[in-house]
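>
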Amino acid sequence: MLVKASIAGAIVTNTLFMLGASFLLGGLKHRVQEYNRGSARLQAALLFLATIALLIPSAVAEADSAAGAAFTQKLSLGLAVLLIVTYGLGMLFSLKTHREFFGAAEHADAGETPWPLGLALATLAGVTVLVALVSEVFVESVQEAAVAFGMTPAFVGFIVVALVGAAAEMASAFSGARKNRLDLSVGIALGSASQIALFVAPVLVLLSYVMGPSPMTLQFWPGAVVMMLIATLTATLVTGSGRSAWFVGVLVLMVYLVFAMTLYLLPPGAE
Amino acid sequence: MLVKASIAGAIVTNTLFMLGASFLLGGLKHRVQEYNRGSARLQAALLFLATIALLIPSAVAEADSAAGAAFTQKLSLGLAVLLIVTYGLGMLFSLKTHREFFGAAEHADAGETPWPLGLALATLAGVTVLVALVSEVFVESVQEAAVAFGMTPAFVGFIVVALVGAAAEMASAFSGARKNRLDLSVGIALGSASQIALFVAPVLVLLSYVMGPSPMTLQFWPGAVVMMLIATLTATLVTGSGRSAWFVGVLVLMVYLVFAMTLYLLPPGAE
Amino acid sequence: MLVKASIAGAIVTNTLFMLGASFLLGGLKHRVQEYNRGSARLQAALLFLATIALLIPSAVAEADSAAGAAFTQKLSLGLAVLLIVTYGLGMLFSLKTHREFFGAAEHADAGETPWPLGLALATLAGVTVLVALVSEVFVESVQEAAVAFGMTPAFVGFIVVALVGAAAEMASAFSGARKNRLDLSVGIALGSASQIALFVAPVLVLLSYVMGPSPMTLQFWPGAVVMMLIATLTATLVTGSGRSAWFVGVLVLMVYLVFAMTLYLLPPGAE
Numbered sequence: 026m027l028v029k030a031s032i033a034g035a036i037v038t039n040t041l042f043m044l045g046a047s048f049l050l051g052g053l054k055h056r057v058q059e060y061n062r063g064s065a066r067l068q069a070a071l072l073f074l075a076t077i078a079l080l081i082p083s084a085v086a087e088a089d090s091a092a093g094a095a096f097t098q099k100l101s102l103g104l105a106v107l108l109i110v111t112y113g114l115g116m117l118f119s120l121k122t123h124r125e126f127f128g129a130a131e132h133a134d135a136g137e138t139p140w141p142l143g144l145a146l147a148t149l150a151g152v153t154v155l156v157a158l159v160s161e162v163f164v165e166s167v168q169e170a171a172v173a174f175g176m177t178p179a180f181v182g183f184i185v186v187a188l189v190g191a192a193a194e195m196a197s198a199f200s201g202a203r204k205n206r207l208d209l210s211v212g213i214a215l216g217s218a219s220q221i222a223l224f225v226a227p228v229l230v231l232l233s234y235v236m237g238p239s240p241m242t243l244q245f246w247p248g249a250v251v252m253m254l255i256a257t258l259t260a261t262l263v264t265g266s267g268r269s270a271w272f273v274g275v276l277v278l279m280v281y282l283v284f285a286m287t288l289y290l291l292p293p294g295a296e
Numbered sequence: 026m027l028v029k030a031s032i033a034g035a036i037v038t039n040t041l042f043m044l045g046a047s048f049l050l051g052g053l054k055h056r057v058q059e060y061n062r063g064s065a066r067l068q069a070a071l072l073f074l075a076t077i078a079l080l081i082p083s084a085v086a087e088a089d090s091a092a093g094a095a096f097t098q099k100l101s102l103g104l105a106v107l108l109i110v111t112y113g114l115g116m117l118f119s120l121k122t123h124r125e126f127f128g129a130a131e132h133a134d135a136g137e138t139p140w141p142l143g144l145a146l147a148t149l150a151g152v153t154v155l156v157a158l159v160s161e162v163f164v165e166s167v168q169e170a171a172v173a174f175g176m177t178p179a180f181v182g183f184i185v186v187a188l189v190g191a192a193a194e195m196a197s198a199f200s201g202a203r204k205n206r207l208d209l210s211v212g213i214a215l216g217s218a219s220q221i222a223l224f225v226a227p228v229l230v231l232l233s234y235v236m237g238p239s240p241m242t243l244q245f246w247p248g249a250v251v252m253m254l255i256a257t258l259t260a261t262l263v264t265g266s267g268r269s270a271w272f273v274g275v276l277v278l279m280v281y282l283v284f285a286m287t288l289y290l291l292p293p294g295a296e
Numbered sequence: 026m027l028v029k030a031s032i033a034g035a036i037v038t039n040t041l042f043m044l045g046a047s048f049l050l051g052g053l054k055h056r057v058q059e060y061n062r063g064s065a066r067l068q069a070a071l072l073f074l075a076t077i078a079l080l081i082p083s084a085v086a087e088a089d090s091a092a093g094a095a096f097t098q099k100l101s102l103g104l105a106v107l108l109i110v111t112y113g114l115g116m117l118f119s120l121k122t123h124r125e126f127f128g129a130a131e132h133a134d135a136g137e138t139p140w141p142l143g144l145a146l147a148t149l150a151g152v153t154v155l156v157a158l159v160s161e162v163f164v165e166s167v168q169e170a171a172v173a174f175g176m177t178p179a180f181v182g183f184i185v186v187a188l189v190g191a192a193a194e195m196a197s198a199f200s201g202a203r204k205n206r207l208d209l210s211v212g213i214a215l216g217s218a219s220q221i222a223l224f225v226a227p228v229l230v231l232l233s234y235v236m237g238p239s240p241m242t243l244q245f246w247p248g249a250v251v252m253m254l255i256a257t258l259t260a261t262l263v264t265g266s267g268r269s270a271w272f273v274g275v276l277v278l279m280v281y282l283v284f285a286m287t288l289y290l291l292p293p294g295a296e
């Protein structure tokens, strides 16, 4: 439950808060900022379709009560495999066959020697497992502290944990925006959200069969489904033009604030 | 109830009917019409995100029956404040810092001296309160007349009241379209819909605490939610290209007609 | 029931599988493929709005349980007429007044003399009725064979029948993609999906009053509604840029595979 709220919260926070605050911070310094529209669009499409795939088990379980728990579990397992394969193909595409598609976002790595693919994947997998374990402990202790402050568990899982967890990436994204390199900020925001949907979430499902007390499914709380959909649709919408000003950031942050407010006010029994 | 139906109806009618009829009327006279894509996109994004924010209380109440009336009321109040702040920032953006963003739509005002901001806001607030009071009376008398003609209350609230209420703006929008100045038509249609979502609806919520018999929430009938979402998504979709021909107008009007037909046929007890 | 599953399946399959496989097959041969963005956008908008109109009766029936069967039937009938009128206007637009809007997709027919409109419409209507009759028989025999192989009826209706039924169009679309003429592929994929939503489905409703045992409505299984919406939204999203590479095809096919997997695993009683 906690893990699933963190997954949903991370997608929503990366997409709305990181992107919105980048637009706002960049826009307060630079009148109008331009970025690579083609690359942003592809990343937004990747994120949107990954999120939709992630939400199918919840949508079916919602739409059709005859679809039972066994069905949801099998579907989650198959979906996890499919998402990881898509993630792998996406890596192949962006790192091997079509490097130039992700345009300016890459300049950041200029000069660095790329890692061998095997090593990169192994490290990624290792880090993910570590993060999963650590975040479980982390989430629980944050949870206790926050509840002591009178915050609802939903607010903590979605907002507080996600904001703390993405602090490092946010620093990079905001710094990119201030330096008028929005390609970097958009790439980090959409890229880390996609990574959670396409890699972290399915890996956690697979790991739950090896390590967990019981298999984890990809069925989310309906409210989380709505928020993830709106968040990724918003990102798709605002990155389609390749141009930004401060008010675009305000709009995206407004959607985020509405979500945060909803979760803050939600009575604890509701989720 | 009546007021909420009018809000939803005004958003749907301005977005679909005013926009669609402008495209159709303009397209029948001019083969292909071009307009400022960047400005239309920003306005459509503003409208879409404002509508989404407006619909969150309804979505949560629908998705989660444990969220009670007290929650919906607090959320509506917080949301109203957030929407009005966003509206204010949007005014600042479009009138002060980034006037040129709204491009051709402004030529209409060339030559006019802009009002001082304070006066403009006070007038706007006054007019809104007046309209709210008048429309309550107006809606009730139209209601009685229409029911006598055998129309359902839902059809009257959504369609008839909204069409009559927006008559003046429609005249301007259509005249702009005939003169091949679609920027004007798109700006009026999307702008007045945004104004309802970002300003009129939240002001009515705040006023209901001062004047109303009981506080008004922002929880809408699920059918109204679906229609507002589809209407604003349609507007986003068709204004993304900056180009129009008569058939685009037919498509948008078709969606409107489907809604009107649905409301006309809906049994009175359903809403 | 079978017929409705075939309609939904054909829209989903044409939109996702035909389009995705065209992007993938073309992308494996050509590094980056460009196509007419304006034309693709108009076709995607047409498909999306037609699908939305088609889904209104299901959405209302879902949102409002007080809307009874009589309402759904009247609404379906009115909607069918509206969709056919829109289809006719679309033909007028694309064949008469604005031929050049559908750009490169037309080069395929260069050299052919266009049919007289009356003859074309009569043939179309005749073929449609024929297809409806044949597919009823076809669907039933495929059904029996597939159930013998252990496939669920939902999977057969949505996936197997739709893939077999669109085989000829797929051959053309894939061949166009390999020849770097994606305009052709996109036109065929979106065009045949639109034709089903705007023409085949409403004609079947009208025919059901003349021929069928009982009037057919346009109320679909909620799962089918979700899939059609996602499929057409996906098509709108990926065709907006006018540019494609192999990974875009992978993404679209991933969404299709998720649907196919869901239907394959769905317990038979669920639909």
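Chains as they are written, first to last, in our numbering: chain Z, 26 to 296; chain V, 26 to 296; chain H, 26 to 296.
For each residue, glycine too, the CB sits at the ideal point set by N, CA and C.
Kindly indicate the opening and closing residues of the alpha helix (DSSP H) around R203/Z.
Stepping through the first sequence from its first residue, residue 203/Z is reached at position 178. Where R203/Z is concerned, the enclosing alpha helix (DSSP H) stretches over 192-203.
> Around the Cβ of L74/H, are there at least 16 other Cβ atoms within 10 angstroms (buried) or fewer (exposed)?
Stepping through the third sequence from its first residue, residue 74/H is reached at position 49. L74/H comes out buried.
> Find the nearest neighbour of G216/H within the set L41/H, K29/H, L278/H, V28/H, judged by alpha-carbon distance.
Taking the first residue of the third sequence as position 1, residue 216/H is located at position 191. The residue with the shortest Cα to Cα distance from G216/H is L41/H.
> What residue from A222/Z, V106/Z, H55/Z, I213/Z has the CA that sits closest to I32/Z's CA?
On the first sequence, residue 32/Z is found 7 positions in, with the first residue counted as 1. Checked all of A222/Z, V106/Z, H55/Z, I213/Z; the closest Cα to I32/Z is A222/Z.
> Terminal residues of the continuous alpha helix (DSSP H) containing T287/V?
Your numbering for residue 287/V matches position 262 in the second sequence. Segment 271-290, the alpha helix (DSSP H) holding T287/V.
> Taking its Cβ as the centre, do 16 or more other Cβ atoms sit within 10 Å of V211/V, making it buried, or is it exposed?
On the second sequence, position 186 is the one that residue 211/V refers to. Buried.
> Using alpha carbons as the reference points, say which of I36/H, L27/H, G51/H lies closest to Q220/H.
The residue you call residue 220/H lines up with position 195 of the third sequence. Ranking I36/H, L27/H, G51/H by Cα distance to Q220/H puts I36/H first.
> Exposed or buried, which one is Y234/Z when buried takes at least 16 other CB atoms within 10 Å?
Taking the first residue of the first sequence as 1, we reach residue 234/Z at position 209. By the 10 Å Cβ count, Y234/Z comes out exposed.
> Please name the residue in V263/H, V251/H, G52/H, L114/H whose C-alpha comes closest to that of S200/H.
If you number the third sequence from 1, residue 200/H lands on position 175. Considering only alpha carbons, the answer is G52/H.
> Report the neighbours of R66/Z on chain H: residues whose CB is nearer than 8 Å to its CB, in chain order.
The residue labelled residue 66/Z in the question sits at position 41 within the first sequence. Simply G265, S266.
> Residues of chain V with CB under 8 Å from T148/H, in chain order?
Position 123 of the third sequence holds residue 148/H. Correct list: empty, because the minimum Cβ distance to chain V is about 23 Å.
> Here's a check: name, in chain order, each residue in its chain whose Cβ is nearer than 6 Å to the Cβ of R62/V, leaving out the five neighbours to either side.
As a position in the second sequence, residue 62/V is number 37, starting the count at 1. G267, listed in sequence order.
> Could you work out which residues of chain Z lie near T242/H, taking near to mean beta carbons separated by less than 8 Å?
Start at 1 with the first residue of the third sequence, and residue 242/H comes out as number 217. Within chain Z, no residue comes near T242/H; the closest Cβ sits about 18 Å away, beyond 8 Å.
> Hey, does L72/V have any beta-carbon neighbour from chain Z nearer than 7 Å?
For the purposes of this step, residue 72/V is taken as the residue at position 47 of the second sequence. Not one chain Z Cβ lies under 7 Å of L72/V.
> Which residues in the same chain have their Cβ closer than 7 Å to the Cβ of L49/Z, if we skip the five residues on either side of it in sequence?
Taking the first residue of the first sequence as 1, we reach residue 49/Z at position 24. W271, G274, V275, L278.
> Classify P238/H as buried or exposed, calling it buried when 16 or more other Cβ atoms lie within 10 Å of its own Cβ.
On the third sequence, position 213 is the one that residue 238/H refers to. By the neighbour-count rule (16 or more Cβ atoms within 10 Å), P238/H is not buried but exposed.
> Run through DSSP, which three-state label would R12/H get?
Because chain H is modelled from 26 through 296, residue 12/H falls outside the range shown and cannot be assessed.
> I'd like to know whether the C-beta atoms of A192/Z and L44/Z end up nearer to each other than 7 Å.
As a first step, residue 192/Z is located in the first sequence; it is residue number 167 there, counting from the start. As a first step, residue 44/Z is located in the first sequence; it is residue number 19 there, counting from the start. No, the Cβ-Cβ distance between A192/Z and L44/Z is not below 7 Å.
> Is the separation between the beta-carbon of T97/Z and that of T257/Z shorter than 7 Å?
Translated into the one-based positions of the first sequence, residue 97/Z becomes position 72. Translated into the one-based positions of the first sequence, residue 257/Z becomes position 232. No, Cβ-Cβ distance for T97/Z and T257/Z is not below 7 Å.
> Using a Cβ-Cβ cut-off of 7 Å, state whether A218/H counts as contacting chain C.
Among the protein chains of the structure shown, namely Z, V and H, there is no chain C.
> Looking only at its chain, what residues have a beta carbon closer than 6 Å to the beta carbon of A65/Z, apart from the 5 residues adjacent to it on each side?
For the purposes of this step, residue 65/Z is taken as residue 40 along the first sequence, with counting starting at 1. V211, T264.
> Starting from T122/H, trace the alpha helix (DSSP H) in both directions and tell me its first and last residue.
Here the question's residue 122/H lines up with position 97 in the third sequence. Segment: none, T122/H is in no alpha helix (DSSP H) and carries neither H nor E.
> Would you call E296/V buried or exposed, if buried means 16 or more other Cβ atoms sit within 10 Å of its Cβ?
In the second sequence, the residue the question calls residue 296/V occupies position 271. Reliability of the predicted coordinates at E296/V is poor, the pLDDT of 47 falling under 50, and the value obtained from them is presented with this limitation in mind. Flag for E296/V reads buried.
> Which residues bound the alpha helix (DSSP H) around G34/V?
To locate residue 34/V, count along the second sequence from 1; it is residue 9. Counting along the chain, the alpha helix (DSSP H) containing G34/V begins and ends at 27-37.
> Quick one: which chain H residues come within Cβ less than 9 Å of I221/Z?
Residue mapping note: residue 221/Z aligns to position 196 of the first sequence, counting from 1. Per Cβ cutoff of 9 Å: no residues; I221/Z is ~16 Å from chain H at best.
> One question on the structure: do T17/Z and A69/Z come within less than 7 Å of each other, judged by their Cβ atoms?
Residue 17/Z lies beyond the range of chain Z shown here (26 to 296); nothing can be said about it.
> Could you tell me the distance, in whole angstroms, from the CA atom of F245/Z to the CA atom of A249/H?
Locating residue 245/Z in the first sequence gives position 220, counting from the first residue. Locating residue 249/H in the third sequence gives position 224, counting from the first residue. If I take the Cα positions, the gap works out to 20 Å.
> Quickly, what does DSSP pair R268/Z with across the bridge? List them, please.
Within the first sequence, numbered from 1, the residue matching residue 268/Z stands at position 243. DSSP lists E59/Z as partners of R268/Z.
> Could you tell me if the beta carbon of A70/H falls within a distance shorter than 6 Å of some heavy atom in the ligand MN?
This structure lacks the ligand MN; in fact it carries no ligand of any kind.
> Can S47/H and L243/H be called in contact, C-beta distance under 7 Å?
Here the question's residue 47/H lines up with position 22 in the third sequence. Here the question's residue 243/H lines up with position 218 in the third sequence. Contact: no.
> Can you tell me the Cβ-Cβ gap for P292/V and I109/V, rounded? I've got them flagged as a contact below 8 Å.
As a working mapping, residue 292/V is identified with position 267 in the second sequence. As a working mapping, residue 109/V is identified with position 84 in the second sequence. Not really, about 37 Å apart at Cβ, beyond 8 Å.
> Using three-state DSSP, classify Q68/Z as helix, strand or coil.
Locating residue 68/Z in the first sequence gives position 43, where the first residue counts as 1. Of the three classes helix, strand and coil, the one that applies to Q68/Z here is helix, per DSSP.
> Report all residues from its chain with a CB closer than 7 Å to the CB of K29/H; omit the five preceding and five following residues, and keep chain order.
Position 4 of the third sequence, counting from 1, holds the residue named residue 29/H. Correct list, in chain order: F245.
> What is the DSSP secondary structure of P238/Z, reduced to helix, strand or coil?
What you label residue 238/Z is simply residue 213 of the first sequence in a count that begins at 1. Correct three-state label for P238/Z: coil.
> Does A129/H come within less than 7 Å of chain V when only Cβ atoms are used?
Translated into the one-based positions of the third sequence, residue 129/H becomes position 104. In this prediction, A129/H has a pLDDT of 43, which is less than 50 and means its spatial position is unreliable; what the coordinates show is noted afterwards. For A129/H, the answer is no, since every Cβ of chain V falls outside 7 Å of its Cβ.
> My understanding is that L107/V touches V85/Z, with C-beta atoms under 8 Å, so please give their C-beta distance in whole angstroms.
Residue 107/V sits at position 82 when you count from the first residue of the second sequence. Residue 85/Z sits at position 60 when you count from the first residue of the first sequence. Between V85/Z and L107/V the Cβ distance is about 33 Å, and since that is not below 8 Å, they are no contact.
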